[in-house]
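If you read the sequence shown in UniProt numbering, its first letter stands for residue 71, the second for the next number, and so on.
Note that beta-carbon positions come from the ideal geometry of N, C-alpha and C, so glycine has one too.
Computed from a predicted model, the values in this text were never measured in an experiment.
Single-structure report; data block below.
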Amino acid sequence: TNQERSFIAIKPDGTQRRLVGEIIARFEKKGFKLVGIKILVPTPEHAAKHYEDLNKKPFFNGLVKFFSSGAVVAMVFEGKDVVRTGRVLIGATDPSQSAPGTIRFDLCIETGRNIIHGSDSNESAAHEIALWFKEDEIANWVSTNPVYE
Ligand code: DAT
Ligand code: MG
């Protein structure tokens, strides 16, 4: 079995644009296992904690304001190499630099409205999952097909 986990979040623009199903489908069709999901409007404090590594960047305040401006779909996906491969599915931060077939290339244009977040390392995944989920909000279900476990 492979228990690697990534924190994936659909940002307020993705939810506003009704892209929740489309984005989840890309991770599911790839074979990743959805083990945690919730929808909420984050407080600015929670958004700032989520992006605390970027708090010296000039765009930080705008990012926090935007991220807490609407509904975020917070998820945990599990699977082999899900952190790295999840970033491949998502595409580059700037949609204009992302590859065709990625979520950001296919569905958005602006860096500041790039619809999805994904953990960038196993360390940040663990940190972000703990920030967004209690352990009992994560479902430890087992795939019947061992290839996807
Ligand atoms: P990523 O979301 O690809 O991990 P990041 O962690 O560097 O990228 O930045 C987090 C978010 O901040 C990003 O998804 C969009 C926003 N952002 C990053 N760089 C930006 C910039 N130069 N101008 C405006 N927003 C930016
Ligand atoms: Mg990042």
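> Terminal residues of the continuous beta strand (DSSP E) containing Ile185?
Replying inline: Taken as a continuous stretch (DSSP letters only), Ile185 belongs to no beta strand (DSSP E), as it is neither H nor E.
> Near Glu207, what residues of its chain come up, given a Cβ to Cβ distance below 8 Å and the 5 sequence neighbours on each side ignored?
Replying inline: Gly106 and Lys108
> What runs of the beta strand (DSSP E), each 3 residues or longer, lie entirely inside the region 150-210?
Replying inline: 186-188
> Using the beta-carbon count (16 or more within 10 Å), is Asp83 buried or exposed?
Replying inline: buried
>> My output table needs one value for Thr71: the three-state DSSP class, helix, strand or coil.
In response: Since pLDDT at Thr71 reaches only 49, below the 50 mark, its modelled position is unreliable, and no value is offered.
> Relative to the alpha-carbon of Thr214, which residue among Glu92, Tyr121 and Lys103 has its alpha-carbon at the smallest distance?
Replying inline: Lys103
> What are the boundary residues of the alpha helix (DSSP H) that includes Asn91?
Replying inline: The sequence shown places Gly at residue 91, not Asn. Segment Val90 to Lys100, the alpha helix (DSSP H) holding Gly91.
>> Which of the three DSSP states is assigned to Glu219 in this structure?
In response: Three-state DSSP puts Glu219 in coil, outside helix and strand.
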